[in-house]
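Number of protein chains: 2
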Amino acid sequence: MIILSKLADYGVIVATHMAADPDRQLTAAAIAEETRLPRATVAKILKALAHAGLVAATRGAAGGYRLARRATAISVAEVVAAIDGDIGLTQCSVHVAECARTNYCPTRPHWAAINRAVAQALAAVSLDAMLTPAAFAPRRPPASVHAAPT
Amino acid sequence: MIILSKLADYGVIVATHMAADPDRQLTAAAIAEETRLPRATVAKILKALAHAGLVAATRGAAGGYRLARRATAISVAEVVAAIDGDIGLTQCSVHVAECARTNYCPTRPHWAAINRAVAQALAAVSLDAMLTPAAFAPRRPPASVHAAPT
DNA sequence: CTATAGCGGACCAATCCGGTCCGAATTAAC
DNA sequence: GTTAATTCGGACCGGATTGGTCCGCTATAG
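Heads up: the protein sequence lines correspond to chains W and S, in order. For what it's worth, my numbering labels the leading residue of the first sequence as 1, then goes sequentially. For what it's worth, my numbering labels the leading residue of the second sequence as 1001, then goes sequentially.
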């Protein structure tokens, strides 16, 4: 299973790219070109990021986007949340009201704890950190949960 | 965004239900009834769990399922992986070969670290833990990544 | 031999997602 | 003031994935 949607994945790429030199103002077309992503899709992503206040848009001729904050102050979690919406493991975590099983489902409270761990894992990494040349990151995949990679 | 698929969510419910009294052998129909889940769906889930070796099946009349191991020895991560497949954040994490961006994408190695954190959060919780009455689990949602719950 | 129950797979419908496009609004340049 | 460039905010569509169901087969108990 893939956790992040493609769009959110692209979002991180775009945001990271902008974080590379935060002072430059880039048009959607320029970012698309430099990241090798489809132009229309990049535009859509930037819209979402702007909506969440992560990037600032300048309209009109000679307009473009730039990061609204310093790269160290934007976490991957924020970027993902801006595109995919709020992060939650189960239906229960996000739409609590709709869970008719609330009464006889003992597992529900436990998801919150796991949920927090996941959210924190994403929140702990800033765009700035994504740019650094991978120093500490291990080269091999997790290898703990693996069963059948398909 | 919801991380777990509905099916995987159900899978945890089913597995947890079985962990409640591990010595009883339950038919798929009985589990469906007791968990209030659609019978056919439960059957499908049990098949997946059996395939992964998490539950043992007895065929024929008076057959049924039971946990293959002690509830303390089965993690939520295993249940999820049995149904949704391997866990990975991005396309890169699972299908590394298909990522044409490998060369000019600086973010890739960093995903592995986040990936591990997520996997570990799921692996750290056993079915047995899911059964305990929520003692330590905080009642409030994460509140860190939240932006707009839709 | 018959009823029960899991096994394996095919199958369908619906939802979600990636991606595209277009008109409106806004600003810079001429 | 007019025109061109560029973002904004939608709607929109096709395809892929997923949730859910069903059927025929096998195996076991009585």
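From the three backbone atoms N, C-alpha and C, an ideal C-beta is built for every residue, glycine too. It should be emphasised that the depicted structure is a prediction, and the values quoted were computed from it without experimental measurement.
{"Query": "Exposure label - W/Val42; buried when at least 16 CB within 10 Å", "Result": "buried"}
{"Query": "Outcome for W/Thr132 when other beta-carbon atoms lying within 10 angstroms are tallied against a minimum of 16", "Result": "exposed"}
{"Query": "Secondary structure of W/Ile3, DSSP reduced to three states", "Result": "coil"}
{"Query": "CA-to-CA distance, S/Ala1008 to S/Val1076, given in whole angstroms", "Result": "10 Å"}
{"Query": "C-beta contact flag for S/Ala1071 and S/Leu1122 at 9 Å", "Result": "no"}
{"Query": "Nearest-angstrom Cα separation, counted from W/Thr58 out to W/His146", "Result": "Confidence is the limiting factor: at W/His146 the pLDDT is only 36, short of 50, which leaves the residue's position unreliable and the question unanswerable from this model."}
{"Query": "Counted within 10 angstroms of its Cβ, other Cβ atoms place W/Ala48 as buried (16 or more) or exposed", "Result": "buried"}
{"Query": "Exposure of S/Glu1078, with buried meaning 16 or more beta-carbon neighbours within 10 Å", "Result": "buried"}
{"Query": "Same chain, Cβ closer than 8 Å to S/Gly1011, neighbours up to 5 away in sequence not counted", "Result": "Ile1045, Ala1048, Leu1049, Val1079, Val1080, Ala1082, Ile1083"}
{"Query": "CB contact flag (W/Gly53, W/Thr27, <9 Å)", "Result": "no"}
{"Query": "Spatially closest choice to W/Ala73 from W/Ala19, W/Leu4, W/Ile3, by CA coordinates", "Result": "W/Ala19"}
{"Query": "Where S/Asp1023 falls, given that 16 or more other Cβ within 10 Å makes a residue buried", "Result": "exposed"}
{"Query": "Where W/Gly60 falls: helix, strand or coil (DSSP)", "Result": "coil"}
{"Query": "The alpha helix (DSSP H) enclosing S/Cys1120, as first and last residue numbers", "Result": "The question names Cys, but residue 1120 of chain S in the sequence shown is Gln. 1108-1123 is the span of the alpha helix (DSSP H), which, as asked, contains S/Gln1120."}
{"Query": "Residue range of the unbroken alpha helix (DSSP H) whose run includes W/Arg39", "Result": "39-51"}
{"Query": "Listed by chain order, chain W residues near S/Asp1128 by CB distance under 9 Å", "Result": "Within 9 Å Cβ-Cβ: nothing; S/Asp1128 doesn't reach chain W, min ~11 Å."}
{"Query": "Interface positions of the stretch 1105-1118 of chain S facing chain W (Cβ-Cβ less than 9 Å), listed along the chain", "Result": "Cys1105, Pro1106, Thr1107, Arg1108, Pro1109, His1110, Trp1111, Ala1112, Ala1113, Ile1114, Asn1115, Arg1116, Ala1117, Val1118"}
{"Query": "Backbone CA spacing between S/Ala1097 and S/Ala1117 [nearest angstrom]", "Result": "Its pLDDT being 46, under 50, S/Ala1097 is placed unreliably by the model, and the measurement read from it follows with that caveat. Looking at the two C-alpha atoms, the distance is approximately 23 Å."}
{"Query": "Of the listed residues S/Thr1090, S/Ile1087, S/Ile1002, S/Leu1037, nearest to S/Ala1015 (C-alpha basis)", "Result": "S/Leu1037"}
{"Query": "Interface partners of W/Met1 on chain S, CB under 9 Å", "Result": "Ile1003, Leu1004, Ser1005, Ala1008, Val1080, Ala1081, Ile1083, Asp1084, Gly1085, Asp1086, Ile1087, Gly1088, Val1094"}
{"Query": "Same chain only: Cβ atoms within 7 Å of S/Ala1029, ignoring 5 sequence neighbours per side", "Result": "Arg1039"}
{"Query": "Proximity test, Cβ basis, 9 Å: S/Val1042 and chain W", "Result": "no"}
{"Query": "Distance between beta carbons of W/Gly85 and S/Ile1003, contact taken as under 8 Å", "Result": "That belief does not hold up - the Cβ atoms of S/Ile1003 and W/Gly85 are roughly 12 Å apart, past 8 Å."}
{"Query": "C-alpha gap between S/Leu1067 and W/Ala119, whole angstroms", "Result": "31 Å"}
{"Query": "Euclidean distance between Cα positions of W/Gln25 and W/Val55", "Result": "10 Å"}
{"Query": "Cβ pair S/His1017, S/Thr1035 closer than 9 Å", "Result": "yes"}
{"Query": "Residue-level contact to chain S via CB, W/Ala68, 9 Å cutoff", "Result": "no"}
{"Query": "With 16 other Cβ atoms within 10 Å as the buried cut-off, status of S/Ala1032", "Result": "buried"}
{"Query": "Partner residues on chain W for S/Val1012, Cβ-Cβ distance less than 9 Å", "Result": "Thr90, Thr107, Trp111"}
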